[in-house]
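Protein chains in written order, with this note's numbering: chain S, 2 to 538; chain P, 372 to 539.
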């Protein structure tokens, strides 16, 4: 809790200017509301992560293993050898500053250590001091410094103030990917058991149960019952999806947040309605029941282990290809890592839409298609009927999720779908969308509640753009194709721009979709009255 | 000359000084960026602070209703309330406007003392509103935290069939 520091008559005498010390000499201050709680030892032990122990980030003593410096140096040497990109990113930055003002955390906080260049420099300074000749000889003159417990704390504090959104890398003339530097920083601190609970818990759950929330098969199916009942209330249609069905043509994988967290649950209802209307031969899996991958926020190896279940389940069920739901980092993993880690998926077929015959040759390697691509193709081929008026109470904007926009170039398909299912669509300002989109402020495992102040700072640039379209066009709904976005933006907007709600793309598809045999609809997927169908109290 | 005329004439200089007071809460490099980058979406904090200060100052000079300042003040305080500042650091800018105004009219014998007291009293009212807004923001942060935790717990209990709601 902030303390009031001045008596009224002393107010004008206070110097509010922060200390003018060089960043190397400004020790880190671990502040409440800015960090996530430490991981529980049992969660680390479950997946074999080392040094699980009880510790608190704002304690002086982090109970580090005695040889912690050796562990870090050996780890760093090993990572430099293993990942050429890491070695290059440590060496080539010329500190031009192009990235400095592109980070949402810097923009929202004003903390210079949130400038991507400086955040990377936290690691580079130690790299120089221990792995380069110039750094060893010239020391501070070459921007080198020693590894101390305080430096380690600074790494931890700031590498958990980066959402790996990669906006800064869009502007870097050398293409330095700050997300990869953060990943290395997290790999290193992970070697000492310095993991956060919000990541370690879901990782352990996913490893043991197949999804981040630890939902067991019967819980997943009963959760789905809620949606099916609501869909029947809205449309009069009883949908009967299948689970773990061998021989289905398609395996559908989505983040477990869609089954659990509002407003993602309405998106899940949209999927169910769409697939039913198409008569799609598909199945859900209660084992590969997580598209997201929080292992991606720990180590490369852990991400690979968690990802492997998707192909394993596809093989077990004998499906032809995989359809993936609305998720952010899931798609960066699928698009950029999955084939290398766990491919080749040569037991699957190149995805072909059974409805339109379209061959998704962009998914030739992974055999996994994004649902926005799938639905856009259906619309392009006039396979769906929509009543756009059902979304007329909404003035919609679209938030490009960092990973789908910058990580896989999914820019047009969601917009095409949105414009096909609602009449009122408005873009946020140019510098805040598409490849230059601002992060929700809570990605990469930072959507805990205890770090709310950090999330609000990081969420401000995005919310500021949403506020602009809210005031200019009356935008009251922001669609996003990411489960974390849907939760994080809901909270962020409640603070920064009340009056703008958040939804998934397929919630709006589900609203507008005209289904065969449906009754006259009076409610949207949130069971709220459709425009013109309000019943007088 | 009436005080409002003097302030009107010097509005731009007053505004610059007032904005500088805000920037003092940030490290030097950040302050330069927040001052120099004028684009609304490239520098959301700097832009919001400077444009809202301008509206508040214009309103004060034009003797506008104090309540009309609330949305502008709120846009600034929402930012300051999540930036790790103490309440005194976050809100001092309101009080320091008095110093800035007095500095600007220093030595000007034509200023009517009553008018000065009047505007200072309005700045005090602004400060009281700022306290309310700051507290609202901090309470909102805690409410958001509590709501997220509560929603998650409730849904988990519901899924585990440990709780249920009374049906209609």
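Ideal Cβ placement from N, Cα and C applies to all residues, glycine included.
These numbers come from a predicted model, not from an experiment.
C-alpha distance - residue i paired with residue j, whole-angstrom precision
{"i": "residue 513 of chain S", "j": "residue 465 of chain S", "result": "29 Å"}
{"i": "residue 201 of chain S", "j": "residue 507 of chain S", "result": "30 Å"}
{"i": "residue 522 of chain S", "j": "residue 237 of chain S", "result": "9 Å"}
{"i": "residue 2 of chain S", "j": "residue 33 of chain S", "result": "Note that residue 2 of chain S has pLDDT 41, beneath the 50 cutoff, so the model's placement of it is unreliable and the number below is only indicative. Roughly 8 Å separates the two Cα atoms."}
{"i": "residue 311 of chain S", "j": "residue 254 of chain S", "result": "8 Å"}
{"i": "residue 135 of chain S", "j": "residue 92 of chain S", "result": "12 Å"}
{"i": "residue 250 of chain S", "j": "residue 383 of chain S", "result": "22 Å"}
{"i": "residue 81 of chain S", "j": "residue 131 of chain S", "result": "12 Å"}
{"i": "residue 277 of chain S", "j": "residue 241 of chain S", "result": "8 Å"}
{"i": "residue 427 of chain P", "j": "residue 378 of chain P", "result": "13 Å"}
{"i": "residue 415 of chain S", "j": "residue 374 of chain S", "result": "8 Å"}
{"i": "residue 77 of chain S", "j": "residue 179 of chain S", "result": "16 Å"}
{"i": "residue 274 of chain S", "j": "residue 388 of chain P", "result": "59 Å"}
{"i": "residue 363 of chain S", "j": "residue 268 of chain S", "result": "25 Å"}
{"i": "residue 488 of chain P", "j": "residue 467 of chain S", "result": "40 Å"}
{"i": "residue 252 of chain S", "j": "residue 389 of chain S", "result": "29 Å"}
{"i": "residue 410 of chain P", "j": "residue 421 of chain P", "result": "11 Å"}
{"i": "residue 493 of chain S", "j": "residue 116 of chain S", "result": "21 Å"}
{"i": "residue 549 of chain S", "j": "residue 138 of chain S", "result": "Nothing can be reported for residue 549 of chain S, as the shown portion of chain S is limited to 2 through 538."}
{"i": "residue 340 of chain S", "j": "residue 370 of chain S", "result": "13 Å"}
{"i": "residue 508 of chain P", "j": "residue 347 of chain S", "result": "54 Å"}
{"i": "residue 148 of chain S", "j": "residue 66 of chain S", "result": "15 Å"}
{"i": "residue 395 of chain S", "j": "residue 419 of chain S", "result": "12 Å"}
{"i": "residue 232 of chain S", "j": "residue 376 of chain S", "result": "20 Å"}
Nearest neighbour of residue i, chosen from the options [CA to CA]
{"i": "residue 226 of chain S", "options": "S:510, S:266, S:99 and S:49", "result": "S:266"}
{"i": "residue 541 of chain S", "options": "S:60, S:58, S:40 and S:95", "result": "Residue 541 of chain S lies beyond the range of chain S shown here (2 to 538); nothing can be said about it."}
{"i": "residue 460 of chain S", "options": "S:198, S:484, S:440 and S:392", "result": "S:440"}
{"i": "residue 455 of chain P", "options": "P:396, P:389, P:525 and P:385", "result": "P:396"}
{"i": "residue 355 of chain S", "options": "S:370, S:281 and S:345", "result": "S:281"}
{"i": "residue 519 of chain P", "options": "S:504, S:290, S:495 and S:169", "result": "S:495"}
{"i": "residue 544 of chain S", "options": "S:394, S:334, S:379 and S:339", "result": "Examination of residue 544 of chain S is not possible in this model, given that chain S is present from 2 through 538 alone."}
{"i": "residue 166 of chain S", "options": "S:477, S:427, S:458 and S:437", "result": "S:437"}
{"i": "residue 428 of chain S", "options": "S:471, S:421 and S:457", "result": "S:471"}
{"i": "residue 342 of chain S", "options": "S:302, S:322, S:350 and S:370", "result": "S:302"}
{"i": "residue 510 of chain S", "options": "S:222, S:370, S:263 and S:379", "result": "S:379"}
{"i": "residue 141 of chain S", "options": "S:84, S:125 and S:458", "result": "S:125"}
{"i": "residue 391 of chain P", "options": "P:402, P:485 and P:494", "result": "P:402"}
{"i": "residue 219 of chain S", "options": "S:145, S:230 and S:244", "result": "S:244"}
{"i": "residue 424 of chain P", "options": "P:498, P:483 and P:444", "result": "P:444"}
Residue i, buried or exposed, once every other Cβ within 10 Å from all chains shown has been counted against 16
{"i": "residue 176 of chain S", "result": "exposed"}
{"i": "residue 502 of chain P", "result": "exposed"}
{"i": "residue 337 of chain S", "result": "exposed"}
{"i": "residue 373 of chain P", "result": "exposed"}
{"i": "residue 71 of chain S", "result": "exposed"}
{"i": "residue 300 of chain S", "result": "buried"}
{"i": "residue 513 of chain P", "result": "exposed"}
{"i": "residue 451 of chain P", "result": "buried"}
{"i": "residue 1 of chain S", "result": "The shown model of chain S, from 2 to 538, leaves out residue 1 of chain S, and the question about it has no answer."}
{"i": "residue 6 of chain S", "result": "With a pLDDT of only 48 at residue 6 of chain S, under 50, the local geometry of the prediction cannot be trusted, and the value read off the model is given with reservation. Burial call: exposed."}
{"i": "residue 532 of chain S", "result": "exposed"}
{"i": "residue 385 of chain S", "result": "buried"}
{"i": "residue 367 of chain S", "result": "buried"}
{"i": "residue 528 of chain S", "result": "exposed"}
{"i": "residue 528 of chain P", "result": "exposed"}
{"i": "residue 525 of chain P", "result": "exposed"}
{"i": "residue 320 of chain S", "result": "buried"}
Under 8 Å from the C-beta of residue i: neighbouring residues of chain C
{"i": "residue 475 of chain P", "result": "In the structure shown, chain C does not exist; the protein chains are S and P."}
Residue i beta carbon near the ligand MN (any heavy atom closer than 6 Å)
{"i": "residue 401 of chain S", "result": "Inclusion of the ligand MN in the displayed structure is not the case, the ligand content being empty and no account of it being possible."}
Practice item. Could you name each continuous alpha helix (DSSP H) segment of 4 residues or more that falls completely within the region 451-507 of chain S, going from the start of the chain to the end? Key: Those alpha helix (DSSP H) runs which fall completely within the region 451-507 of chain S and span 4+ residues are 453-474 and 484-497.
Exercise for review: Check whether the region 449-460 of chain S touches the region 399-406 of chain S, counting contact only when three or more Cβ pairs, one atom from each stretch, lie closer than 8 Å.
Suggested key: Segments in contact, no.
**Study point:** alpha helix (DSSP H) segments (min. 4 residues) lying fully within the region 380-443 of chain P
**Key:** Scanning the region 380-443 of chain P from its first residue to its last, the whole alpha helix (DSSP H) runs of 4-plus residues come out as 382-394, 399-407 and 415-432.
Check your understanding: Should the region 403-421 of chain P be regarded as contacting the region 478-491 of chain P, the criterion being three or more beta carbon pairs within less than 8 Å?
Key -> In short, these stretches do not touch, since the Cβ pair count stays below three.
Review point. Given 8 Å as the limit, is there contact between the region 112-122 of chain S and the region 178-197 of chain S, that is, 3 or more CB pairs closer than that?
Key: A contact exists between the region 112-122 of chain S and the region 178-197 of chain S.
Review point. If you scan the region 116-168 of chain S from start to end, which runs of the alpha helix (DSSP H) of 4 or more residues do you find wholly inside it?
Key: Qualifying alpha helix (DSSP H) stretches, in chain order: 117-132, 134-139 and 150-160.
Point to revise | Touching by the beta-carbon criterion (3+ pairs, under 8 Å), the region 197-213 of chain S and the region 41-60 of chain S | key: Yes, the region 197-213 of chain S touches the region 41-60 of chain S.
Exercise for review: Examine the Cβ distances between the region 431-450 of chain P and the region 394-413 of chain P and report whether three or more of them are shorter than 8 Å.
Suggested key: Not touching, per the Cβ criterion.
Review point. Would you call the region 100-107 of chain S and the region 161-173 of chain S in contact, with 3 or more CB pairs under 8 Å?
Key: The region 100-107 of chain S vs the region 161-173 of chain S: in contact.
Check your understanding: Is the region 311-324 of chain S touching the region 284-300 of chain S in the sense that three or more CB pairs, one from each, lie closer than 8 Å?
Key -> Taking a cut-off of 8 Å for Cβ pairs, the region 284-300 of chain S and the region 311-324 of chain S touch, as three or more such pairs fall below it.
Exercise for review: Taking 8 Å as the threshold, find out whether the region 478-485 of chain S comes into contact with the region 326-337 of chain S through three or more Cβ pairs.
Suggested key: The region 478-485 of chain S, when compared against the region 326-337 of chain S, does touch it at the 8 Å Cβ threshold.
Exercise for review: Entirely within the region 44-111 of chain S and at least 4 residues each: give me those alpha helix (DSSP H) ranges in chain order.
Suggested key: Every unbroken stretch of the alpha helix (DSSP H) spanning 4 or more residues and falling wholly within the region 44-111 of chain S is given here in chain order: 69-83, 85-93 and 105-110.
Check your understanding: In chain order, which continuous runs of the alpha helix (DSSP H) of length 4 or greater are located wholly inside the region 187-245 of chain S?
Key -> For the region 187-245 of chain S, whole alpha helix (DSSP H) runs of length 4 or above, ordered along the chain, are 198-210 and 218-236.
Practice item. Counting only runs of 3+ residues fully inside the region 305-376 of chain S, write out the beta strand (DSSP E) ranges in chain order. Key: With a minimum length of 3 residues, the continuous beta strand (DSSP E) runs that stay inside the region 305-376 of chain S are 322-325 and 369-371.
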